[in-house]
Every structure is written in C-alpha cells, then in structure tokens.
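Structure record follows, encoded as structure tokens.
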Amino acid sequence: MKAQASEPHGVAVRIAACGKTFGDGTRALEPVSLDIARGETMVLLGPSGCGKTTLLRMVAGLERPDAAGRIFFNDADVTDVPIEQRKVGMVFQSYALFPNMNVAENIAYGLKFRGGSAQERKARVAELVALTGIEGLEHRRIDQLSGGQRQRVALARAVAVRPSVLLLDEPLTALDAALRERLRSDLNQLLRTLGITAIYVTHDQAEAMALGDRIVVMRKGAIAQVGAPRDIYFTPANRFVAEFVGAANILEGVSGAGALTLRGGRLAIEKTSVKGPSLAMVRPESIAIVAAENASLTGEVTSVSFTGDRQRLTISGAAERPIMVDIPNTLMVKAGDRVGLSVDPSAIRLLPKGEA
Amino acid sequence: MRDRLIFAGQLLFTLLVAAFLIVPAALSMLAGVTTNYFRGISSGFTLQWIVQVWDLYADTIGRSFLIAGATLVVTLLIGIPAAYGLHVRGGRLARAIEEIITLPLAIPGLAIALALLLTYNGFSDFRRSWLFILAGHVVFTLPFMVRSVMAIFSAIDVKTLDESASSLGASPLRRFLDVIVPNARPGILAGSLMVVTLSLGEFNLTWMLHTPLTKTLPVGLADSYASMRLEVASAYTLVFFFMIIPLLIAMQMFATWGEASGVRK
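Note that the protein sequences, when read in sequence, are chains A and B.
By the working numbering, the letter at position 277 of the first sequence is numbered 277, and the numbering carries on one by one without gaps.
By the working numbering, the letter at position 62 of the second sequence is numbered 62, and the numbering carries on one by one without gaps.
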C-alpha cells in the first residue's frame, strides 16, 4: 500500500446516552456516551457479548438506540437518518461481498449512489485497487479470492464512497494468525493514510493496541475504561481491564507504610492513601529476578516456559496466586530455584477492590 | 467374481425399476397410435386419434400453458418479496406466516377448491374465467416458491448482504433488485421449475374449479378418458408428453445453466 499521510477526514462522532434494550427485554447495552474526534481511530474492545458490536451498529444506523440516546455526526443529529443516507463505510466480519458481482463491480457499487460520471467512478475504483494492493484482481469473481484478498476488497468497497466515518466489525477475525498480523499493519497504515474517523470493533487486545488512537474497553454492556493504548495497559482502571488487556498479575495484599505486604514478603509501592487490604496489578515484564538473599519478596520457580524471544516463569509462594514473570531469554533459571522478585514501585498499579 | 455378481444384480434391479416406470407410459403412448387397441398392434397404426385430440382439445393445451405461465409470474411477484420479508424479519410471527403459507401442501386440493368455490361463487365473472383456476394454482404452488427461495436466503446470509448494500447507500428497492434477487437466482430457478411443473400437471383443484370453457390439459385428459375411446385418451397422453417433456428439459437446462453462472459458494 502506498502511504501518504493526510489531513484528518470525516466527521466527529458523538454518542450520547445510547443504550439498547431488545424486544424481549434483554439489555444489550447500558446507556453509554462517547466522543470520537475527527480523524481518530477508536477501538471498541471487549469479550463477546459486551455490547461493542451493538454500539457500532448504532453508529452505522443498523440498530436504533433506546429512546433517550442520540448520535451526532459533527453537530448533525443522525439518530433518525437511515443507514443508506448516513454516508458511512462499513466492513463486516464476513465481508459481505456481493457474489453476483466481480471485484471492480463490488468496489464501484456504492459510487452509483453518490453521483459522479462513469469516468469518475472508474478512476475511483482504480485508485482504491492501487491503494489496497489488489491490482490484477479487478475482474475476478468473489469466490476466486483468498480470505486476505476478500478483506482488502471489502475495505476498498467501504472506503470508495469517501465515507464520513469508517466502521469495521472484527475485519481480521476470519483470517489465520499469520495473515492477520500482516493485514493488521497494512490496515494501520491505510487508516493513517486516509486520516479518516474510524470505529473498529475487536475482541483481540493486540489488534486494539496496534490500531487504536484510543481504546474503549467494554464489559457487560458498559464502558470499563476509555484511554490511549498506553494508559489502558499501564494504568488499567480496574481488575477486568488489567486482566483483559495483556497478561497481568493480580496481587492481593495489605498496603501501608509505603509497601504492599504479600504472603512471601513485601513490595515497595508509591505513596498512596489506601490502607489495609488492597488489590494491585503488575505486568509480568515489570518484574525482575534477583538473588533471594537480598530481596524483600521471594518465591519458588514452579515452571519455566521458553517462547524464543523470552521466557515466562511461574512463581509460587510469593503471593496468594502464582505470579507470572517474563525474563530475558538468556537468563538461566530452572524449576525449583528460590528467587527474589524486584519491581519498580511505579510499575505497581493499585486497583479498586470489590470487582470480579 | 463376487463384485461382478453384485453389479449384475444392481443393474437388473435398476432396469426393473426403470421398466416399472416406463412400460405403462410407453404402452399408453402406443395405444394412442393404434387403430384398435383391443385388437392390438395387428390392427395397424394411425394418427387419427391424435388429430382428433388436437381438434377437440387444442385450446386446453394453450390454456394450460397460459395458466402455468401466469402462475409463475404471480408466484415470482409474491413469493420472492414474501420470502425476503419473512427471512429478514424472522421471529415468531414470520415462522407462523411461513407455516400458514405452507398449509395448502397438507390440505387436499379438493378442500382448497371447495373453499375457493364457497368464497368466490358470488363473483360470477371471476368464477367463470381462467383466472379462477389461476387463483387456485397460486395458492397451491406459492409454498414451493417461498420455501425454495427462503432456503437459498439462509444459505447465503442475505441479511448481511442487505446490510452491506444499505451501508453503501442503496435504497431498499435497489438492494432487492441489485443484490437479493441475483444472489437468490438458483433458488428462484428451482422454485420456478417446480411451480410450472406442478401447475401444468395439477388436476385435483383444477377439476373442481374448471367450467366446460376453462378446461386444462389434465382435466381434458380425464374428460377424454371418461367419455371417449381409450385410444383417444391415450393419444391425449402422447400429446401431453410431447408438449411437457421438451419444456421440462428446457427449463432444467436453463436452471443448470443459471446455477453454473450464478452463485457458487
């Protein structure tokens, strides 16, 4: 794909108190409010059934929010505008390419409804074919394409109409892992190139980190946290976010006097007003292995798994639950070793208690 | 050796079944060109019965094709949108409606005819025209069209196709014509084939609904069997065959061609 960074495109999207209750009374989404800036890529991340797809479909116009909810594109209220007039571009998980049309016809389909001469449409199709790197496939039938090619055609078709917001519903989920990773970086580059407002739904946290300017972590029909990928990763708002995004050690201990007391010792923490039983989160890569003799927290290595780029240790005895520690792949540690654990106080994040 | 024996046995069985189906039809057609069937083939061959049938019943043939064609048009116009609506809407109401549409399959044709007669007897112009038979045929064949189109709809995830067309700016009508109908083509062709065949061969309903001036091919056949020489009825069967078989073959070829050039999963 040819990249050429461009100005922000599209509209700012404002979701105001949009909830969704289905006909049978099940609540798919609590009323949520969210502002998405012009040109921003916002990722909706969460496990299945968290309401992320429902929220996306509301912005698309495929679902109607409950009575009080409104959706704005810039300052225009589009809540009552049907999808075909919202000028959105949408990529579906199954791609939903039209089997009765070839690749070029698929990409050109939306252009018919946006005016312009046949000449202009042809030029636009050629432009997108080049942009998404599917040259030579224009006259292929849809069933002659591989999964990755279909994904690109779906993307080209959605982008062709110069949408005011691009909506992507798990666009990489249907692909195998290796291809997914490659297309993810292509997609990232394309979104930067286009500079278009985009809402991207996924359950894959690595995808969310790589693509999102900001991430909305959702859970059980509500927003758990909104923030940039770094904020979400390093300062999760609660235990759910900590565990859903990346690997996390959740430590149950007692805090006070600048330290968190655990079963196997103490960890120095930053000054906090929290006293008594607390919940803290530490990422596996934030923990370093030191000699047991001069460490304030010790435990026993119960397993070592070597993954090539690093190795992950499981350490028991230090806290209530085994602690995961990522160490460099050159360090020699074996199961049964007694080790000390050291953590930079700034890498320990205290979490609110009382949540599952 | 053993395989050979099994093969021979299977072949014999297949040929017997084929003969069981073909021999009566062949005998009947043979009778249609025999001068006197009771005296057998020795009485000689003639085309006089066929000429007689043509003179007496040519209009029923034309009418049968007219009704079959009209039935097809009506079931297409009602059936495809109905199948689309039922599929997209889903839910309990849609299932109930689907069941109701399918009901005529379970009810004897005579009962449907009786109901139609009771309902429309007062409208004497309608009652006397071929349109009355058309109404009966539509009631009877509609479920086949709806079912076969709905089957293809669930096979191709038509709901998402519809949504993606709508996201690109297509109005409901454009979506229906550009995306839904072309992708449902194999189902529509299969349904059409069924509707035309059923309409052409329909007897139960038609026999109750017809008037002396609105006989169809099968009704004419029954009529000739009841009131004329066996040779005439047989000649009628012959005519029936020669009219229907090429049509069915043509439609089957058309359907196969349509599927080959249409959607492939």
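Glycine included, C-beta positions come from ideal geometry on N, C-alpha and C.
With a threshold of 16 other beta carbon atoms within 10 Å, Phe140(B) meets it and is buried.
Ile223(A) is bridged by DSSP to Met218(A). Annotation for Ala292(A): no alpha helix (DSSP H) segment contains it, and DSSP assigns it neither H nor E. Across the structure, Phe65(B) and Pro246(B) are spaced so that their CA atoms are roughly 13 angstroms apart. Checking the DSSP bridge columns, you'll see Ile83(A) has no partner listed. Contact of Val333(A) with chain B is not assigned, every C-beta pair being separated by 9 angstroms or more. Every alpha helix (DSSP H) stretch that sits fully inside the region 128–198 of chain B and reaches 4 residues is listed by chain position as 130–155, 158–167, 172–175. Cβ neighbours of Phe92(A) within its own chain (closer than 6 angstroms, five residues either side excluded): Asp169. Below the 7 angstroms Cβ cutoff, chain B contributes Ser167 as neighbours of Val88(A), in chain order. The count of Cβ pairs closer than 8 angstroms, one atom from the region 79–94 of chain A and one from the region 52–64 of chain A, reaches three, so the stretches are in contact. Ile323(A) sits close to Gly299(A), with the two beta carbons spaced by under 9 angstroms. With fewer than 16 neighbouring CB atoms inside 10 Å of its own CB, Glu270(A) falls in the exposed class. Residue range 70–73 is occupied by the beta strand (DSSP E) that includes Phe72(A).
Residue range 276–282 is occupied by the beta strand (DSSP E) that includes Pro277(A). Residue range 2–32 is occupied by the alpha helix (DSSP H) that includes Phe13(B). In the three-state scheme derived from DSSP, where H, G and I count as helix and E and B as strand, Val241(A) is classed as helix. If you look at Ala177(A), you'll find it isn't in any beta strand (DSSP E); it sits in the alpha helix (DSSP H) that goes 177–194. Burial of Gly109(B) is indicated by the presence of at least 16 other C-beta atoms within 10 angstroms of its C-beta. Following the DSSP letters along the chain, one finds Asp55(B) inside the alpha helix (DSSP H) bounded by residues 48–89.
Restricting attention to alpha helix (DSSP H) runs no shorter than 4 residues, the region 139–183 of chain A encloses them at 147–160, ordered along the chain. Taking 7 angstroms as the cut-off between beta carbons, the residues of the region 38–71 of chain A near chain B are Ala60, Leu62, in sequence order. In this structure, Gln311(A) places its C-beta atom within 9 angstroms of the C-beta atom of Ile327(A). At least one CB of chain A lies nearer than 9 angstroms to the CB of Val179(B). Within the region 152–164 of chain B, Ile156, Asp157, Thr160, Leu161, Glu163, Ser164 place their CB atoms closer than 8 angstroms to a CB of chain A, listed in sequence order. Taking a cut-off of 8 angstroms on C-beta distances, the region 197–205 of chain B touches the region 213–225 of chain B, as three or more cross pairs fall below it.
In summary, no residue of the region 106–140 of chain B has a CB separated from any CB of chain A by less than 8 angstroms. Counting other Cβ atoms within 10 Å of its Cβ, Gly40(B) stays below 16 and is therefore classed as exposed. Taking the Cα positions, Asn294(A) is about 8 angstroms away from Gly340(A). Where Asn204(B) is concerned, the enclosing alpha helix (DSSP H) starts and stops at 204–209. Per the C-alpha coordinates, the member of Thr206(B), Arg147(B), Ile188(B) positioned closest to Met251(B) is Ile188(B). Residue range 118–131 is occupied by the alpha helix (DSSP H) that includes Ala118(A).
In the same chain as Tyr120(B), and ignoring 5 residues on each side of it, the C-beta atoms closer than 8 angstroms to its own belong to Phe126, Arg127, Phe132, Ala135, in chain order.
Of Ile80(B), Ala58(B), Ala19(B), the smallest CA-CA separation from Val179(B) is found for Ile80(B). Distances from the CA of Ala104(A) to each of Ala206(A), Val153(A), Ser94(A) were compared; the closest alpha carbon is that of Val153(A). For Ile245(B), the three-state secondary structure derived from DSSP is helix. Under the DSSP definition of a beta bridge, Gly256(A) partners with Ala259(A).
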